[in-house]
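*Asks:* So the sequence shown is numbered by our numbering: it starts at 251 and just counts up by one. Backbone N, C-alpha and C define an ideal beta-carbon position, used for all residues, glycine too. Mind looking over this structure? Questions follow.
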Amino acid sequence: MILSFCLFNTCFSQSKNIETIKGKKISIEQLNTFITNQMDSLNIPGFSLAVINNGKIVHYKNYGVKNLETKEKVNEQTIFELCSVSKPVFAYFVLLQVQKNILDLDKPLYLYYTDSKIDTVKGYYKEVTARMILNHCSGFPNWRKDEDFNNPLFFIAKPGTKYGYSGEGYQYLARVLGKILKKTDLELNDYFQKEVVKPLKIKSMNFTWNKSLQALKAYSHRKGKPTDNSSQGPADWFGAAGSLHSNAHDYAKFLLQVMNKKNKVSQQLVALNTSLPKEPDSLYRSYGFPYKLTNGKVRYFHSGNNGDAKAYTHFYLEEKFGLVVFSNCDNLFSSMFMHKLFALLEEEMTY
């Protein structure tokens with residue numbers, strides 16, 4: 251039996267069961283009981299979950315509380331920090347601009363914008379392209395140290411020669427895109443709403459911050475204590491690498507678009523880039539996601555860690571199966587919560 255619900259002005263099929271990638275059926279009642287029991291025993295404050303089966307969102311729920319001290323409960327509109335799970339969404343946004351010939355993946359970015367925040371001594375800045383940044387082989391570090399914030403960003407490798415995960419690269423690309431489009435960070439987020447959020451009928455997904463989001467956001471937690479429910483970085487900062495705020499249901503809508511084989515941008519987002527350096531485990535990346543062979547199938551995935559908030563998603567393109575998980579705490583993985591959830595869902599834990 252399938253019940254139809256309308257959440258956030260968008261309908262989806264809420265089944266009485268979900269199905270694992272191996273075909274086992276788990277009742278929603280069993281899933282909810284398992285999650286709430288584990289959250290209570292492992293001190294997980296809040297949790298947002300969406301499950302995709304056969305190309306449909308069959309389960310979505312926000313569990314727990316926004317704040318362990320006030321005990322304010324989450325609701326269907328509660329939003330979470332997406333951490334680095336923001337990156338695939340930004341990559342999709344970038345590829346939309348490539349499709350419109352606004353940006354060339356292989357044109358050195360300095361030709362669009364010479365960034366004073368980038369080191370120019372070795373001349374490496376002239377080699378960096380959008381393709382390298384999306385594939386994490388730009389030569390930039392992940393993040394510069396706080397004490398180096400006002401200094402030029404130095405390269406740690408020659409661009410295009412080796413894999414090196416980099417949030418700084420994503421921020422550089424966001425600055426370039428803003429210059430090309432002649433938009434401030436806030437205006438770039440408005441453009442993102444027009445290009446991605448509205449077409450996918452997403453209710454709430456923002457890279458920049460506004461005061462209305464604070465009432466919706468779950469407090470992040472560190473060692474069982476709430477920290478804050480404010481912006482991730484400056485409020486007017488377009489944090490392409492990790493400042494997106496949303497919930498599992500809206501992110502699942504994005505995954506449905508990614509799994510749409512009729513969409514050229516989605517196909518480009520998940521195509522494996524065999525001409526660029528592999529990751530350390532000798533696997534290639536796509537522009538949006540790394541992948542691993544699990545359960546004998548190709549699993550695209552991405553994780554996120556903002557310290558006091560964690561995020562994770564994965565999907566199987568051919569099987570149209572997906573999972574989205576956001577939490578407002580530092581112990582989603584260290585508590586073994588995710589390991590136990592994966593065991594229930596018959597998934598291999600590779601993170």
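Can you tell which of A502, T286 and S265 has the C-alpha that lies nearest to the C-alpha of Y562?
*Replies:* A502
*Asks:* Go ahead and pull the three-state DSSP assignment for A561.
*Replies:* strand
*Asks:* With a 10 Å radius around its C-beta and 16 neighbouring C-beta atoms as the bar for buried, classify G557 as buried or exposed.
*Replies:* exposed
*Asks:* Quick check on DSSP: helix, strand or coil for H499?
*Replies:* helix
*Asks:* Under a Cβ-count criterion, where at least 16 other Cβ atoms within 10 Å of its own Cβ denotes burial, should I271 be classed as buried or exposed?
*Replies:* buried
*Asks:* Going by alpha carbons, who is nearest to Y362 out of L423, Y415, Q482 and K473?
*Replies:* L423
*Asks:* Within 10 Å of its beta-carbon, does H589 have 16 or more other beta-carbons around it, so buried, or fewer, so exposed?
*Replies:* exposed
*Asks:* Using CA atoms only, rank isn't needed, just tell me which of K412, V575 and G373 is closest to N385.
*Replies:* When only C-alpha atoms are compared, the closest one is K412.
*Asks:* Cβ-heavy atom distance between E322 and the ligand FAD below 7 angstroms?
*Replies:* Annotation note on the ligand FAD: not contained in the displayed structure, which lists no ligands.
*Asks:* When you compare each of Y360, Y541, F571 and I329 to F297 by their alpha carbons, which one comes out closest?
*Replies:* I329
*Asks:* When you compare each of L463, N581 and V348 to P476 by their alpha carbons, which one comes out closest?
*Replies:* When only C-alpha atoms are compared, the closest one is N581.
*Asks:* Let's test the definition: count the other Cβ atoms within 10 Å of the Cβ of S516 and tell me whether it reaches 16, buried, or not, exposed.
*Replies:* buried
*Asks:* In its own chain, which residues sit with a C-beta less than 8 angstroms from the C-beta of L281, not counting the 5 before and 5 after it?
*Replies:* I268, H309 and L594
*Asks:* What ranges does the alpha helix (DSSP H) occupy inside the segment 326-362, keeping only unbroken runs of at least 4 residues that lie completely in it?
*Replies:* 336-349
*Asks:* Straight-line CA distance for G538 to P338?
*Replies:* 4 angstroms
*Asks:* Please go through the same chain and pick out, in chain order, the residues whose beta-carbon is closer than 6 angstroms to the beta-carbon of K395, but skip the five residues on each side of it.
*Replies:* none
*Asks:* Where does T260 fall in DSSP's three states?
*Replies:* Per-residue confidence for T260 stands at a pLDDT of 40, beneath the threshold of 50, marking its modelled position as unreliable; no derived number is given.
*Asks:* Count the CB pairs spanning the segment 340-351 and the segment 432-452 that are closer than 8 angstroms, and state whether there are at least three.
*Replies:* yes
*Asks:* Residues bridged to N267 by DSSP?
*Replies:* S277
*Asks:* Where does V315 fall in DSSP's three states?
*Replies:* Strand.
*Asks:* Within 10 angstroms of its Cβ, does F370 collect 16 or more other Cβ (buried), or is it exposed?
*Replies:* For the record, residue 370 in the displayed sequence is Thr; it is not Phe. Exposed, by the Cβ-count rule.
*Asks:* Rounded to the nearest angstrom, what separates N644 and L346 at their Cα positions?
*Replies:* Since the displayed the chain opens at 251 and closes at 601, residue 644 lies outside it and no answer follows.
*Asks:* Exposed or buried, E597, counting other C-beta atoms within 10 Å across all chains shown (16 or more means buried)?
*Replies:* E597 is buried by the Cβ-count criterion.
*Asks:* Quick one: grab the DSSP three-state call for V508.
*Replies:* helix
*Asks:* Give me the residue from V508, L299, N303 and D290 with the minimum Cα distance to K274.
*Replies:* N303
*Asks:* Between S336 and L526, is the Cβ-Cβ spacing less than 8 angstroms?
*Replies:* Result no, Cβ atoms of S336 and L526 do not sit closer than 8 angstroms.
*Asks:* According to DSSP, what are the bridge partners of L573?
*Replies:* V301 and H564
*Asks:* Determine contact between the segment 284-298 and the segment 309-319, defined as no fewer than three beta-carbon pairs at a distance below 8 angstroms.
*Replies:* Contact annotation: the segment 284-298 touches the segment 309-319, with at least three C-beta pairs closer than 8 angstroms.
*Asks:* Taking the alpha carbon of V348 as the reference point, which residue from S277, K514 and W487 has its own alpha carbon closest?
*Replies:* K514
*Asks:* Smallest Cα separation from L436: which of Y541, K453 and F457?
*Replies:* F457
*Asks:* Measuring CB atoms only, is the segment 453-467 touching the segment 561-577, in the sense that at least three cross pairs come out at less than 8 angstroms?
*Replies:* no
*Asks:* Between the alpha carbons of G489 and G414, how many angstroms are there, rounded?
*Replies:* The alpha-carbon of G489 is positioned some 19 angstroms away from that of G414.
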